[in-house]
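**Student:**
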Amino acid sequence: MFQHKWQTSSLDKLKKTRKFAKLTVYLSIFFVFIFITACNQNVSSTSNSVDNIRIGVALAQTSNIALLGQESVSGAKIAEEYFQANHSFNNLPIKLIFQDTGGDEAGAINAFQTLIATDRVVGIIGPSSSQQAFSADPVADRAQVPVIGPSNTAKGIPEIGKYISRVSAPISQVAPTAIKAALRLNPNLQKVAIFYAQNDAFTKSETEIFQQAVKNERLNLITTQRFQTTDTDFQIQATNAINLNPDLVIISGLAADGGNLIRQIRELGYKKIIVGGNGLNTSNIFAVCKALCDGVLIAQAYSPNYDSEINRTFRTMYRARYLKEPPQFSAQAFSAVQVFMEALQTLERSHKVRQMPLPELRTALNQQILAGKYNTPLGEISFTSDGEVIQKNFYVAQIEMQDGERGKFNFLAE
Ligand code: 1QQ
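Below is the structure:
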């Protein structure tokens, strides 16, 4: 009995021990599995490679800058559609991630930070304005993320850092062509009135270029009138200038203020030539100055008539979607996407891009961007080692209003 009891209890013990051993084995397998999985995750998070290649697009979709920023968004969307349909790009799936920057520096910095840290993009197209770029670009540069400026034309943008380049030609190369066009329309013009917004990095940069070009052409700068991009009433500045009887008015502002200034100068009776800067370079000003936009000259870094296969395709796609000619801001944003796409493709030929650790990929991509030549709707472009765009063709267009609402940009013969 006793023995039997012992036997049963030792048998129980044995069973229990076996159970325990089994459980230990199961648990060990389980923990080893967890450990391996965790290690794997660790490996991929330390190597930081990305399965999905994402390019950030940080542009002004809202605020006063959106009058220009939306045109860039349209161009980037056409590019996305074009490259997704193009079979030679199928081997490397690439997605664009859009972030609205709004119109100020804080919005641009926020959008950049989200794209860099959360979306883990390989590079960024943006922001819309130079004013924003001087704040947001250093954030990307410090994070070693390549940025291509699609519409930043002020002096000093590529010099922000090694990771900053632009496809938007500097205003120093674009603006003077509009003054030459004004001189062709009126070779006798002498007296020039300059207007500029003093609260924006781009408008301040552009007016310096215009003022230098006026000097170079030996014209007479009779007055310089200042305003803010937020102003809507220009009676004082317009009257001051008109009283001096200028032959040419040159405006460096943004779209809403610039459009209002044109309207008020015309309403006060000024009948001679007006040159608008890049901030007025959108058909969105038609809603502001209406029929009074007629005749304004604006220099262009893009022409819809530029004869190349990529531009014909871009123009056809744009016209099918928006029922008008593609504007410069759209062509520049398309070109920025194209530069990223082609640079990534070239890189893929020598590396397996998706297996590269993200920091390494961003750096290699930046080097590849600067090394390449691109046949874009803007023409053939490349970059200096600093990231400044090298572009050949510039144009001047003159606004022709059909009625109070509808108008177009006519490209002038050189
Ligand atoms: C700049 C520009 C503006 C017109 C873009 C919105 O050229 O800020 O550089």
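Each residue of the sequence shown is one higher than the one before, counting from 1 in this note's numbering.
Each residue gets a CB set at the ideal place from its N, CA and C atoms; glycine is no exception.
1. Please name the residue, chosen from A181, A175, G126, that lies closest to I157 on a Cα-to-Cα basis.
2. Since I399 contacts D294 with CB under 8 angstroms, what's their CB separation in whole angstroms?
3. Would DSSP call T37 helix, strand or coil?
4. For the region 112–188, list the beta strand (DSSP E) runs that are entirely contained and at least 3 residues long, ordered along the chain.
5. Under a three-way DSSP split, which group does D100 fall into?
6. Using CA atoms only, rank isn't needed, just tell me which of H87, L254, P170, Q264 is closest to L68.
7. Between which two residues does the beta strand (DSSP E) carrying T376 extend?
8. What does the Cβ neighbour count give for D101, buried or exposed, with the cut at 16 atoms within 10 Å?
9. Can you name, in chain order, every residue of its own chain whose Cβ lies under 7 angstroms from the Cβ of F411, other than the five neighbours on each side?
10. State the start and end residues of the unbroken alpha helix (DSSP H) segment that holds I236.
11. Are there three or more Cβ pairs, one per stretch, closer than 8 angstroms when the region 225–241 is compared with the region 161–170?
12. Determine, using beta carbons only, whether A213 and V249 come nearer to each other than 7 angstroms.
13. Would you kindly report the start and end of the unbroken alpha helix (DSSP H) that includes R319?
14. Between E405 and K324, which are expected to be in contact by the criterion C-beta below 8 angstroms, what is the C-beta distance as a whole number of angstroms?
15. Going by DSSP, what residue range makes up the alpha helix (DSSP H) through V249?
16. Can you grab the Cα-Cα spacing for the pair I90 / Y82, in whole Å?
17. Between the Cα of A79 and those of I179, V174, S330, spot the shortest distance and give me the residue it belongs to.
18. Assuming A178 contacts L292 under a Cβ cut-off of 8 angstroms, what Cβ separation, rounded to an integer in Å, is found between them?
19. Comparing alpha-carbon positions, which option in M356, A136, S151 lies nearest V50?
20. Starting from Y196 and walking both ways along the alpha helix (DSSP H), at which residues does that stretch end?
21. Using 10 angstroms around the beta-carbon of N216, count the other beta-carbons present and answer buried if the total reaches 16, otherwise exposed.
22. Report back the beta-carbon spacing between G56 and L92 to the nearest angstrom; my notes put them in contact at under 8 angstroms.
23. From the DSSP output, in three-state form, read off A79 for me.
24. Are the beta-carbon atoms of T223 and L244 separated by less than 7 angstroms?
25. Helix, strand or coil: which one does DSSP assign to T46?
26. At the level of alpha carbons, what is the spacing between A106 and N64?
27. So what does DSSP say about V57, is it helix, strand or coil?
28. Leaving out five residues before and five after V43 in sequence, what residues of the same chain have Cβ atoms less than 7 angstroms from its Cβ?
29. For L378, verify whether its CB is less than 6 angstroms away from any heavy atom of the ligand 1QQ.
30. Run through DSSP, which three-state label would E325 get?
31. Could you check the C-alpha separation between T363 and A60 for me, to the nearest Å?
32. Mark I34 as exposed unless 16 or more other C-beta atoms lie within 10 angstroms of its C-beta, in which case mark it buried.
33. Please determine, among D119, K180, E159, the residue with the shortest C-alpha to C-alpha distance to Q130.
34. Identify whether F334 lies in helix, strand or coil by the three-state DSSP scheme.
35. Please identify the residue among R263, A58, Q132 whose C-alpha is closest to the C-alpha of L96.
36. Tell me which residue opens and which closes the beta strand (DSSP E) that V353 is part of.
**Tutor:** The structure says:
1. G126
2. 6 angstroms
3. Bear in mind that a pLDDT of 45 at T37, under 50, signals an unreliable position, so the number given afterwards is only what the model happens to contain. Reduced to three states, the DSSP call for T37 is helix.
4. 123–125, 147–149, 164–166
5. strand
6. L254
7. 373–376
8. Inspection of the sequence shows that residue 101 is occupied by Thr rather than by Asp. It is buried - the Cβ of T101 has at least 16 other Cβ atoms within 10 Å.
9. S303, N305, Y395, A397
10. 235–242
11. no
12. no
13. 309–322
14. Not really, about 13 angstroms apart at Cβ, beyond 8 angstroms.
15. Careful: V249 lies outside any alpha helix (DSSP H), inside the beta strand (DSSP E) at 248–252.
16. Checking the displayed sequence, the identity of residue 90 turns out to be Asn instead of Ile. N90 and Y82: Cα-Cα distance of roughly 12 angstroms.
17. S330
18. Going by Cβ atoms, the distance from A178 to L292 rounds to 19 angstroms, so no, they are not a contact pair.
19. M356
20. Run containing Y196: none in the alpha helix (DSSP H); it sits in the beta strand (DSSP E), 191–197.
21. exposed
22. With a Cβ gap of about 17 angstroms, G56 and L92 do not count as contacting.
23. helix
24. yes
25. The predicted model places T46 with a pLDDT of 39, which falls under 50 and marks its position as unreliable, so this point remains unresolved.
26. 15 angstroms
27. strand
28. Interpretation of V43 is limited by its pLDDT of 37, a score under 50 that renders its predicted location unreliable; no figure is taken from the coordinates.
29. no
30. coil
31. 26 angstroms
32. Confidence is the limiting factor: at I34 the pLDDT is only 46, short of 50, which leaves the residue's position unreliable, though a coordinate-based value still follows. Exposed.
33. With the sequence shown as reference, residue 130 is identified as Ser, and Gln is not the correct amino acid for it. Among D119, K180, E159, the Cα nearest to that of S130 belongs to E159.
34. helix
35. A58
36. Careful: V353 lies outside any beta strand (DSSP E) and carries neither H nor E.
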